[in-house]
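Engineer: Quick note: the sequence shown, position 498, residue 498 per the UniProt record's numbering, numbers continuous.
Glycine residues also receive a C-beta, built at the ideal position from the N, C-alpha and C atoms.
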Amino acid sequence: MSRDRALLERALDRGEQDGGNVEFKERLSRNVHLEGGRRESLAAQLRHRLLSGDGEATYVVGVTDDGGLAGIDPDTFSETMDVLSLLAEEADAHIEDVQTWGINDGLVGVAQVREGGVLETDDEHVVVGTAGHVDHGKSTLVGSLVTGKADDGDGATRAFLDVQPHEVERGLSADLSYAVYGFDDEGPVRVRNPNRKADRAEVVQEADRLVSFVDTVGHEPWLRTTIRGLVGQKLDYGLLVVAADDGPTRTTREHLGVLLATDLPTIVAITKTDVVDEERVGEVEREVERLLREVDKSPLRVSRHGVDAAVEEISERVVPIVETSAITMDGLETLDELFDRLPKTAQDTGEFRMYVDRSYSVTGVGAVASGTVMAGEVEAGDELLIGPMSDGRFQEVEVRSIEMHYHRVDQAQAGRIVGIALKGIKETAIERGMVLLPRDADPDPVREFEAEVMVLNHPTRIGEGYEPVVHLETIGEAAVFSPENGRLLPGDTGVTTVEFKFRPYLVEEGQKFVFREGRSKGVGTVTDVTPME
1 MSRDRALLER ALDRGEQDGG NVEFKERLSR NVHLEGGRRE SLAAQLRHRL
51 LSGDGEATYV VGVTDDGGLA GIDPDTFSET MDVLSLLAEE ADAHIEDVQT
101 WGINDGLVGV AQVREGGVLE TDDEHVVVGT AGHVDHGKST LVGSLVTGKA
151 DDGDGATRAF LDVQPHEVER GLSADLSYAV YGFDDEGPVR VRNPNRKADR
201 AEVVQEADRL VSFVDTVGHE PWLRTTIRGL VGQKLDYGLL VVAADDGPTR
251 TTREHLGVLL ATDLPTIVAI TKTDVVDEER VGEVEREVER LLREVDKSPL
301 RVSRHGVDAA VEEISERVVP IVETSAITMD GLETLDELFD RLPKTAQDTG
351 EFRMYVDRSY SVTGVGAVAS GTVMAGEVEA GDELLIGPMS DGRFQEVEVR
401 SIEMHYHRVD QAQAGRIVGI ALKGIKETAI ERGMVLLPRD ADPDPVREFE
451 AEVMVLNHPT RIGEGYEPVV HLETIGEAAV FSPENGRLLP GDTGVTTVEF
501 KFRPYLVEEG QKFVFREGRS KGVGTVTDVT PME
């Protein structure tokens, strides 16, 4: 018997015995259960269930009053969850988890409701993007940071991140993964069991300050994914890892170039210091310092100058260096202190804007668009636009709910990594690179823009018709360059027209981007846009 089915049958058994904290509902609808005095009556019923269950209640949905399995269609189930969420809010509670399965061509679900209002996310929240060569220990370091657990030498703690089964099996990350921990007055608030969504959600609920990690991919064939993670998220800091046994590599240089091209304050963590002697650690540290000076950055050894100096001096110019080991846990307390004290840098108080990084469909909820809130704030119930579609059109949608690291929140501000459940659109219509905006926005889709670019490396020259992939926010699209003077050489800075080959996007003046084609790399800034007619 599946765990979900067993949960349902336990709920049915308890409900048949004495009611307790279990409530059966076939369906809930806005125009029936939220009208007149029904809303207050049902909220009082929910409060009674919570009182009976010591702050927890179970709602079994899609069943008859006597517990018979009925099943309801997905749209009705989604509306039922919306209504239950509003009733929970009225009762100063929130839906913590929903499990569903198919019955009679419909859905039956068990919703766990917990006392305590939905988390408000006005706490300081720092977002860190990791980078570095494959096997240099990015995911392992982050796994040890968020759990406080030492690695076993085989990368066990990397499995604590949101990774796919095939990534665990191969020991290589193939997509962006995420992790979170936090701090309160007593120190770090870590994830007790990273394999439980509820434990990660608990960190979000309990910590006064959150640190989210966007863990990128170190394997060279997935450079495009790494660039998306560093350019397409609203990061506060970069964390570049360099293994003490290997030292800086070509990939290290490429990732450092992307970090610094986006003007992101960066920390370098020298990892695996336990597998080499002190002389080798010092040698690699000097190599890192030379690499930083080559790109006009000032290295700052935290072991020599202290955490206070690192917090005060870190900037686009100054790069702190920390020696670490996920096995001995050396240096992790230093990183804890840095992440606890470093100020948030990615402030933006403009109107709400979020570029879509991923989309997926959740049974009983519908389409979900996830990404980093780039500006402003969003609340459940907000009316938004999403687009542009391939024809330049923007579609009206409504925010059904918002989730951050598996914890449902009532709102999210700039810098939050969230999943937004949307009403009014199918998941198949949502694409990476689209943007969510307020309903009253008047966005202009763009196929062509002008930019100032700098060629970081290229085997020959960039001329008319050059076709790299442009990475701007979460957009990753082939484009055609037309340099103003006909060509650009390695190291050149110049002006070019950029035209997306296949579809329009929302592009605005001042946005930074990275372009690449094979081993060719460059960075640019949008200086003017040409809206579609």
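1) Within 8 Å, do at least three Cβ pairs link the segment 402 to 417 to the segment 464 to 477?
2) Count Cβ pairs between the segment 365 to 375 and the segment 422 to 431 that sit closer than 8 Å; are there 3 or more?
3) In chain order, what residues of the same chain lie with their CB nearer than 6 Å to the CB of G331, ignoring the 5 residues before and after it?
4) Contact between the segment 356 to 363 and the segment 428 to 435: three or more CB pairs below 8 Å?
5) What residue ranges within the segment 275 to 330 form continuous beta strand (DSSP E) runs of no fewer than 3 residues, ordered along the chain?
6) Which first and last residues belong to the alpha helix (DSSP H) in which D73 is found?
7) Answer with buried or exposed for F515, where buried requires no fewer than 16 other C-beta atoms within 10 angstroms of its C-beta.
8) Run through DSSP, which three-state label would R461 get?
9) Looking at Y360: is its Cβ nearer than 8 Å to the Cβ of E427?
10) Once DSSP output is grouped into helix, strand and coil, what is the label at F481?
11) Anyone know if the C-beta pair for A243 and G137 falls short of 8 Å?
12) Taking a contact to mean a Cβ-Cβ separation below 8 Å, would you say F213 touches T130 in this structure?
13) Considering only the beta carbon of each residue, do G376 and F352 sit closer than 8 Å?
14) Measuring alpha carbon to alpha carbon, tell me which of R209, P188 and T147 ends up nearest A179.
15) Going by DSSP, what residue range makes up the alpha helix (DSSP H) through V134?
16) T121: buried (16+ other C-beta within 10 angstroms of its C-beta) or exposed?
17) I'd like the span of the beta strand (DSSP E) that includes D97, first residue to last.
18) Here's a check: name, in chain order, each residue in its chain whose Cβ is nearer than 6 Å to the Cβ of S298, leaving out the five neighbours to either side.
19) Please report the straight-line C-alpha distance between M404 and G486, rounded to a whole angstrom.
20) In its own chain, which residues sit with a C-beta less than 6 Å from the C-beta of I314, not counting the 5 before and 5 after it?
21) Starting from R358, follow its DSSP beta bridges and name the residues at the other end.
22) Grouping DSSP H, G and I as helix and E and B as strand, with all else coil, what is E23?
23) Quick one: using the 10 Å Cβ neighbour count with 16 as the cut-off for buried, is A93 buried or exposed?
24) Can you give me the C-alpha to C-alpha distance between L292 and T334, rounded to a whole angstrom?
25) Rounded to whole angstroms, what's the CA-CA distance from V480 to G463? Just pull it up for me.
26) Since I believe I95 is in contact with S85 (beta carbons under 8 Å), could you give me their beta-carbon distance rounded to a whole number of angstroms?
27) Output the distance between the C-alpha atoms of I267 and Q205, rounded to the nearest integer angstrom.
28) With a Cβ-Cβ cutoff of 8 Å, do L385 and V399 count as a contact?
29) Between the segment 107 to 114 and the segment 48 to 61, do at least 3 Cβ pairs fall closer than 8 Å?
30) Within 10 angstroms of the Cβ of G102, are there 16 or more other Cβ atoms? Answer buried if so, exposed if not.
31) Given a cut-off of 8 Å on the beta-carbon distance, is the pair G247 and E287 in contact?
32) Leaving out five residues before and five after V453 in sequence, what residues of the same chain have Cβ atoms less than 6 Å from its Cβ?
33) May I ask which residues mark the beginning and end of the beta strand (DSSP E) holding V470?
34) Where does G247 sit, in a helix, a strand or coil, going by DSSP?
35) How many angstroms separate the CA atom of Q511 from the CA atom of V526?
Structural biologist: In terms of the structure at hand:
1) These segments do not touch.
2) The segment 365 to 375 is in contact with the segment 422 to 431.
3) By the criterion of a C-beta distance shorter than 6 Å, G331 is surrounded in its chain by V322, E323 and T324, once the five residues flanking it on both sides are discounted.
4) Result yes; three or more Cβ-Cβ pairs closer than 8 Å.
5) Listed in chain order, the complete beta strand (DSSP E) runs (minimum 3 residues) inside the segment 275 to 330 are 298 to 301 and 318 to 323.
6) In the DSSP annotation of this structure, D73 is not part of any alpha helix (DSSP H), being labelled neither H nor E.
7) With 16 or more other Cβ atoms within 10 Å, it is buried.
8) DSSP, reduced to helix, strand and coil, places R461 outside both helices and strands of the structure shown, so it counts as coil.
9) Yes, the Cβ-Cβ distance between Y360 and E427 is below 8 Å.
10) In this structure, F481 counts as strand in the three-state DSSP scheme.
11) Yes; because the gap between Cβ atoms is below 8 Å, this pair is in contact.
12) Judged by beta-carbon spacing, T130 lies within the 8 Å limit of F213, meaning their Cβ atoms are closer than that value.
13) Inclusion of G376 and F352 in the CB contact set at 8 Å is warranted, their separation being smaller than that value.
14) Looking at the Cα atoms, T147 is the closest of the given residues.
15) Taken as a continuous stretch (DSSP letters only), V134 belongs to no alpha helix (DSSP H), as it is neither H nor E.
16) Legend: pLDDT at T121 = 44, less than 50; position of this residue unreliable, no value from coordinates given.
17) For D97, the uninterrupted beta strand (DSSP E) run begins and ends at A93 to I103, by DSSP.
18) Cβ neighbours of S298 beyond the five flanking positions: R317 and V318.
19) Taking the CA atoms as reference points, M404 sits about 47 Å from G486.
20) Closer than 6 Å at the Cβ level, and outside the excluded window around I314, lie P265 and P320.
21) DSSP links R358 through a beta bridge to S370.
22) Here E23 sits in strand by DSSP.
23) Looking at its Cβ environment, which holds 16 or more other Cβ atoms inside 10 Å, A93 is buried.
24) The straight-line gap from Cα to Cα measures roughly 21 Å.
25) Their backbone Cα atoms lie some 10 Å apart in a straight line.
26) That belief holds up - the Cβ atoms of S85 and I95 are roughly 6 Å apart, short of 8 Å.
27) About 27 Å.
28) Cβ distance not < 8 Å, so L385 and V399 don't count as in contact.
29) Note that the segment 107 to 114 touches the segment 48 to 61; at least 3 beta-carbon pairs, one per stretch, sit closer than 8 Å.
30) Flag for G102 reads exposed.
31) By the CB criterion at 8 Å, G247 and E287 fall inside the cutoff.
32) The beta carbon of V453 is closer than 6 Å to those of T496, G522 and G524 in its chain, skipping five residues each way along the sequence.
33) According to the DSSP assignment, V470 belongs to the beta strand (DSSP E) that extends over V469 to L472.
34) In this structure, G247 counts as coil in the three-state DSSP scheme.
35) Spanning the two alpha carbons is a distance of roughly 5 Å.
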